[in-house]
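Number of protein chains: 2
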Amino acid sequence: MARMATFPDDYRDLLDAQFATLATVEPDGTPQLSEIWFLHDDGELRLSLNTARRKTQNLMQRDQCSLMILDIENPFRYVEVRGRARIEPDDDHAFAGKLHGKYNADVAAYDQPGDKRVVVTIEPTRIRPVDMSA
Amino acid sequence: MARMATFPDDYRDLLDAQFATLATVEPDGTPQLSEIWFLHDDGELRLSLNTARRKTQNLMQRDQCSLMILDIENPFRYVEVRGRARIEPDDDHAFAGKLHGKYNADVAAYDQPGDKRVVVTIEPTRIRPVDMSA
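Which chain is which? The protein sequence lines are U and E, in order.
In this text, residue positions in the first sequence follow my numbering: the first is 1, and each later residue adds one.
In this text, residue positions in the second sequence follow my numbering: the first is 135, and each later residue adds one.
Structure (structure tokens):
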């Protein structure tokens, strides 16, 4: 069992990257990929998701997921964080507001009436750093 | 059911990208992500994989997969190709040689004695273009 505490020091720059790729699993077992914003917050990797989205619904059904943070400057280098998604309400958009601080953009800007925001915290089971350029 | 014939014209530039992200599914149901080389070959998306690798073993057990090609210049834009992996032998490295042509590098350079190369062709069931910057 990995924990964020074991995140490798020489990949910590990626915790401040702008984008990550989230893999969830569809009801039929096929993986689903999305490019997302994220925040390294309180030592954890956290996402702000809209509950109307397929990726969120997938995580509500099956919490197994993987997050890849790619070094855009050197795509031979990345870290994959595999684990489980802990989903918590963000009804007051407290966490969405934190993301706003990182991106200077409102992640909830395109939410529709009735959509809800949740905070998804990745609970790592495996942290896999890769550098094929090394 | 999608086919490569339905690949959207305004994303075809991504077929010549240098990198893609492959999602497979671990035996326990967790998605697994790797950054890989690929080739748009004969109208199909094809990979050269080493059978000793976990991603290849995952695909041999469960052929459901997803390939994301990200526009590195604009990570708001990408295409996700979800589908099934058709795995065929590449014992003579004919396909690995084609990849060599694209990358000017030998994908089999780090293979160990006894490792085998296979050609993996993605048979799309869904092609999902995304442009969050549009």
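Note that CB positions come from ideal geometry on N, CA and C, so glycine has one too.
For this session: Please specify which runs of the alpha helix (DSSP H), each continuous and at least 4 residues long, are wholly inside the stretch 167-244 of chain E, giving them in chain order.
Result: The qualifying runs are 188-195 and 228-237.
Exercise. To the nearest angstrom, how far is it from the Cα of A186/E to the Cα of D162/E?
Worked result: The straight-line gap separating the alpha-carbon atoms of A186/E and D162/E is approximately 19 Å.
Problem set entry | Own chain partners of S48/U with C-beta closer than 7 Å, once the 5 adjacent residues on each side are dropped | Same-chain partners within the cutoff: D90, F95, A96, L99, V107, R117 and V119.
Exercise. Which residues share a DSSP beta bridge with L149/E?
Worked result: Per DSSP, L149/E has no beta-bridge partner at all.
Exercise. Rounded to whole angstroms, how far is the Cβ of L167/E from the Cβ of A23/U, which I believe are closer than 8 Å?
Worked result: The C-beta distance from L167/E to A23/U rounds to 6 Å, short enough to meet the 8 Å contact threshold.
Exercise. Whose C-beta lies closer than 7 Å to the C-beta of N208/E among residues of the same chain, with five residues either side of it excluded?
Worked result: The residues are S267.
Exercise. Which of the three DSSP states, helix, strand or coil, is assigned to T30/U?
Worked result: Looking at T30/U - three-state DSSP - the assignment turns out to be coil, as it is neither helix nor strand.
Exercise. Is there at least one Cβ from chain U nearer than 7 Å to S200/E's Cβ?
Worked result: Interface residue, yes.
Problem set entry | Own chain, CB closer than 7 Å to A139/E, minus 5 neighbours either side, in chain order | If we look at A139/E and ignore the five residues flanking it on each side, it has no Cβ neighbours.
Exercise. What is the rounded straight-line gap between the Cα of P31/U and the Cα of R216/E?
Worked result: For P31/U and R216/E, the distance between alpha carbons rounds to 7 Å.
Problem set entry | Among Y237/E, M194/E and R218/E, nearest to E178/E - alpha-carbon criterion | Looking at the Cα atoms, R218/E is the closest of the given residues.
For this session: Please name the residues in the stretch 160-173 of chain E whose beta-carbon is closer than 9 Å to at least one beta-carbon of chain U, in chain order.
Result: Correct list: E160, D162, G163, T164, P165, Q166, L167, S168 and E169.
Exercise. In chain U, what lies closer than 8 Å to I206/E by C-beta?
Worked result: I206/E reaches chain U at I72 and P75, counting residues in chain order whose Cβ is nearer than 8 Å.
For this session: Output the distance between the C-alpha atoms of R220/E and L149/E, rounded to the nearest integer angstrom.
Result: Roughly 19 Å separates the two Cα atoms.
Exercise. Any idea if E80/U is buried or exposed, counting beta-carbon neighbours within 10 angstroms, 16 or more meaning buried?
Worked result: By the 10 Å Cβ count, E80/U comes out buried.
Problem set entry | Pair within 7 Å by beta-carbon distance, I206/E and I72/U | Inclusion of I206/E and I72/U in the CB contact set at 7 Å is warranted, their separation being smaller than that value.
Exercise. Assuming R77/U contacts V25/U under a Cβ cut-off of 8 Å, what Cβ separation, rounded to an integer in Å, is found between them?
Worked result: Contact flag wrong, Cβ pair sits at about 26 Å.
Problem set entry | Limits of the unbroken beta strand (DSSP E) element including A23/U | Run containing A23/U: A20 to V25, per the beta strand (DSSP E) assignment.
Problem set entry | Per DSSP, cross-strand counterpart(s) of D128/U | In the sequence under discussion, the amino acid at residue 128/U is Arg, which differs from the Asp named in the question. Its beta-bridge partners are E80/U.
For this session: Give me the Cα-Cα distance between E88/U and D245/E, rounded to the nearest whole angstrom.
Result: Distance between the alpha carbons of E88/U and D245/E is about 44 Å.
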